[in-house]
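Presented below is the structure to which this report refers.
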Amino acid sequence: MSMTRKLFQSSGLLVGIRLFQRSLGLVSTLILARLLTPTDFGIVAVAALIIHFSEVLSNTGIQQYLVQADEATDEVVNTAWTLDILLKVSLCCLLYIALPGIHWFYEDPNIIYAVGTLIPVIAIRAITNPELHIQRRNLSYKIIFRIGVIQKLVSFAVVIVIAFQTRSFWAIVIGDLVSSVVGVLLSYYYCKRRPRLSLRNVGKQWVFSRWMLARGSIGYLRAQIDTLLISQFYSLSQLGKFNIAREFTIMPATEVIQPAVEPLLATFSSVRTDKLRIAQQVSLALLLISAFTAPFVAFIFQFHQAIVLYLLGEQWVEAAPLMQAMTPLLFAFALGGILNNLCFALAKVKAVFWYDLLSLTLIALVLFSVQGFSIDSFVWVRSIVGLAMVAAFLFVCSRLISASFFAQLLLLTTPLLVSFATVQLVDSFSSNQNCPTLVLNGVVFAVLYSILMLGLAAMLSKHSATWNYVYESSMGLLKQLRQKMLGINK
76 MSMTRKLFQS SGLLVGIRLF QRSLGLVSTL ILARLLTPTD FGIVAVAALI IHFSEVLSNT
136 GIQQYLVQAD EATDEVVNTA WTLDILLKVS LCCLLYIALP GIHWFYEDPN IIYAVGTLIP
196 VIAIRAITNP ELHIQRRNLS YKIIFRIGVI QKLVSFAVVI VIAFQTRSFW AIVIGDLVSS
256 VVGVLLSYYY CKRRPRLSLR NVGKQWVFSR WMLARGSIGY LRAQIDTLLI SQFYSLSQLG
316 KFNIAREFTI MPATEVIQPA VEPLLATFSS VRTDKLRIAQ QVSLALLLIS AFTAPFVAFI
376 FQFHQAIVLY LLGEQWVEAA PLMQAMTPLL FAFALGGILN NLCFALAKVK AVFWYDLLSL
436 TLIALVLFSV QGFSIDSFVW VRSIVGLAMV AAFLFVCSRL ISASFFAQLL LLTTPLLVSF
496 ATVQLVDSFS SNQNCPTLVL NGVVFAVLYS ILMLGLAAML SKHSATWNYV YESSMGLLKQ
556 LRQKMLGINK
């Protein structure tokens, strides 16, 4: 099987996993939005912030290390797994010791109950079979797909049952705990590898991991600085609305776009010594990211009021302007993920760390200066500053691979222009904003955007190798899909 075909198949499986998980997650969130209050979601947001930041503080970068390692021997895998467990278990102990301080800082006892229940999740996830990382390294996602499907089905059932019984934030908390346990059990059921505790390769691993730990903590703070400050500047109810708006806005990046381009991390590593080939791969990745992200950005920006009203209900209408304000952040989030992967493949972890530290400092200073603004304005400032910092990161990465920054920028902005022009055209023919009209607008927009992008790719493919590659690959995939639907075997 060619690398290109394997890459697209891997992307398809990952997108399939995330689409299934997100579909259940979306249904779950829609149900919970009608059963729980914005304050409940605010409590969960604070608890998740503390737990996820703690995970990042103990993240050794085991997946990134095993993907970029020259050889994933048993010794390398066991050491990476052991180091990850040691750090995460130590962090769990420290968190329990710190609970009184967290109580003093947030005061609400429900936050402490939620955090205390979720702390074991950090250690549970650490003991996941490391064979799953090897599967990702080899672009083999069948087992990961199975585990993801079963894990989500179980957690979905648990969350919904508890939500109807308690109508409290405990449904989400217990659902996360159950999901982690099921994921670990399934990883050992489906994977034959049985890891062992070992520190024989710890010196080499630690050289990589110490920068991952530093970079991860700074990077997470940069990504969540808005949540942290909103939890201090605004009420738990406003934080809950912000959290829901963020979840729905960023969802395309985390559940569709990132999984689609994740296999590119492996291809970056395989061609990292060839600057011409890696520049081509990066250009392709940026174009694909923009082509996937742009329609979500444009559609959410244009129809944010209707999306919130018909999906979440009237109690969440104040989250609609927040969703619109986060659309620049959606684009920045999707772009930042692939740039991070590029730097990891080039072993430029230090560069990512310093970028994250600089951008965190700048974002924090700007947000502190606007703390008296309305929450809508606060989020707009956060999004614009975040997008500007990612553009600066793109400039640095372009220099690293000797590529033209303006050429990369053109690849990113072209789908954005097409998507915004298309969504304006679709909206101009809409006489009202009811639910059927919203669905119809979405379908028409998707079809028109796809036609325009394929037509543009066909036209530009005559003058650009990157556009030609995308166009030929798209046509090939459409042909294969048509043959499978018609039952034709080649």
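In terms of my numbering, the sequence shown opens at residue 76 and continues consecutively. Built from N, CA and C at the ideal position, the CB exists for glycine as well.
Suppose the cutoff is 7 Å on Cβ atoms and the five residues either side in sequence are ignored; what does the same chain contact list for residue i look like?
i, result
"Leu261", "Ile222, Ile225, Gln226"
"Thr114", "Leu311, Ser312, Gly315"
"Val309", "Here residue 309 turns out to be Tyr, not Val, going by the sequence shown. Only Ile450 meet the Cβ criterion."
"Ile186", "Ile118, Val121, Ala122"
"Tyr265", "Ile218, Arg221, Ile222"
"Ile177", "Ile125, Ile187, Val190"
"Met528", "Ala366, Pro490, Val493"
"Tyr181", "Val121"
Taking C-alpha atoms, which residue in the options lies nearest to residue i?
i, options, result
"Phe448", "Ser230, Ile305, Leu435, Leu363", "Ile305"
"Ala155", "Leu272, Ala354, Phe239, Ser230", "Leu272"
"Phe387", "Ser98, Ala232, Leu107, Gly100", "The question names Phe, but residue 387 in the sequence shown is Leu. Minimum Cα distance to Leu387 is reached at Leu107."
"Lys267", "Ile209, Ile237, Met464", "Ile209"
"Gly412", "Gly294, Gln307, Leu274", "Gly294"
"Leu484", "Val493, Ser494, Ala466", "Ala466"
"Ala189", "Tyr171, Leu169, Trp245", "Trp245"
"Arg269", "Phe453, Gln307, Glu130, Ile202", "Ile202"
"Val357", "Ala420, Gly530, Leu207, Val277", "Ala420"
"Gly291", "Pro195, Val424, Lys217, Val257", "Val424"
"Gly191", "Ile249, Thr157, Leu527", "Ile249"
"Leu288", "Val493, Glu130, Gly530", "Glu130"
"Trp455", "Met398, Ala439, Val257", "Met398"
"Phe376", "Tyr385, Pro403, Leu303, Leu384", "Pro403"
"Asn416", "Glu389, Ala463, Leu469", "Leu469"
"Ala439", "Asp159, Gln299, Leu274", "Gln299"
"Val522", "Val493, Cys510, Met534, Pro511", "Val493"
"Ile325", "Leu170, Leu162, Ser458, Leu527", "Ser458"
"Arg275", "Pro511, Leu99, Glu150, Leu414", "Glu150"
"Ile247", "Val234, Gln240, Leu384", "Val234"
"Ser230", "Gly517, His379, Leu101", "Leu101"
"Ser98", "Asp183, Leu207, Leu228, Val257", "Leu228"
"Gln307", "Gln240, Asp183, Lys163, Ala496", "Asp183"
I need the boundaries of the alpha helix (DSSP H) containing residue i, first residue and last residue.
i, result
"Val454", "450-475"
"Gln499", "480-503"
"Asn516", "510-535"
"Thr148", "No alpha helix (DSSP H) holds Thr148; DSSP gives it neither H nor E."
"Cys418", "402-420"
"Gly315", "311-327"
"Thr436", "424-444"
"Glu130", "113-132"
"Asp251", "245-265"
"Arg200", "184-201"
"Val236", "217-241"
Can you give me the Cβ contacts of residue i inside the same chain, cut-off strictly under 6 Å, excluding the 5 residues immediately before and after it?
i, result
"Val152", "Pro205"
"Ala381", "Gln508, Leu513"
"Ser365", "Leu487, Pro490"
"Leu110", "Ala238, Arg242"
"Leu296", "Leu435"
"Ala354", "Ile476, Ala478"
"Phe317", "Ile305, Leu397"
"Met78", "Low local confidence applies: a pLDDT of 48 at Met78 is under 50, so the model's placement there is unreliable, with the coordinate-based value given in what follows. Answer for Met78: no residue qualifies."
"Leu531", "none"
"Leu303", "none"
Note down, in chain order, each residue of its chain lying with its Cβ closer than 8 Å to the Cβ of residue i, except the 5 sequence neighbours on either side.
i, result
"Ala426", "Cys418, Val471, Leu475"
"Glu322", "Thr104"
"Ile319", "Thr104, Ala108, Pro113, Phe116, Leu387, Trp391, Ala394"
"Lys537", "Asn543"
"Tyr171", "Gly191, Ile194"
"Ser505", "Thr512, Asn516"
Compute the beta-carbon to beta-carbon distance between residue i and residue j, rounded to the nearest angstrom, for a pair I have assumed lies under 8 Å.
i, j, result
"Val501", "Phe481", "Between Phe481 and Val501 the Cβ distance is about 30 Å, and since that is not below 8 Å, they are no contact."
"Ala409", "Thr368", "5 Å"
"Val498", "Phe374", "6 Å"
"Phe453", "Val460", "With 8 Å as the limit, Phe453 and Val460 do not qualify as a contact, their Cβ atoms being about 11 Å apart."
"Ile219", "Val259", "No, Ile219 and Val259 are not in contact; Cβ-Cβ is about 14 Å, not under 8 Å."
"Phe406", "Leu442", "In fact, because the Cβ distance is near 19 Å, the residues do not count as touching under 8 Å."
"Ile197", "Cys167", "5 Å"
"Val277", "Leu158", "6 Å"
"Tyr385", "Cys510", "4 Å"
May I ask you to verify whether the stretch 430-444 touches the stretch 353-370, counting CB pairs closer than 8 Å and requiring at least 3? Too few Cβ pairs lie closer than 8 Å, so no.
At least three beta-carbon pairs within less than 8 Å, the stretch 114-126 to the stretch 252-261: Remark: fewer than three beta-carbon pairs, one from each stretch, lie closer than 8 Å, so the stretch 114-126 and the stretch 252-261 are not flagged as touching.
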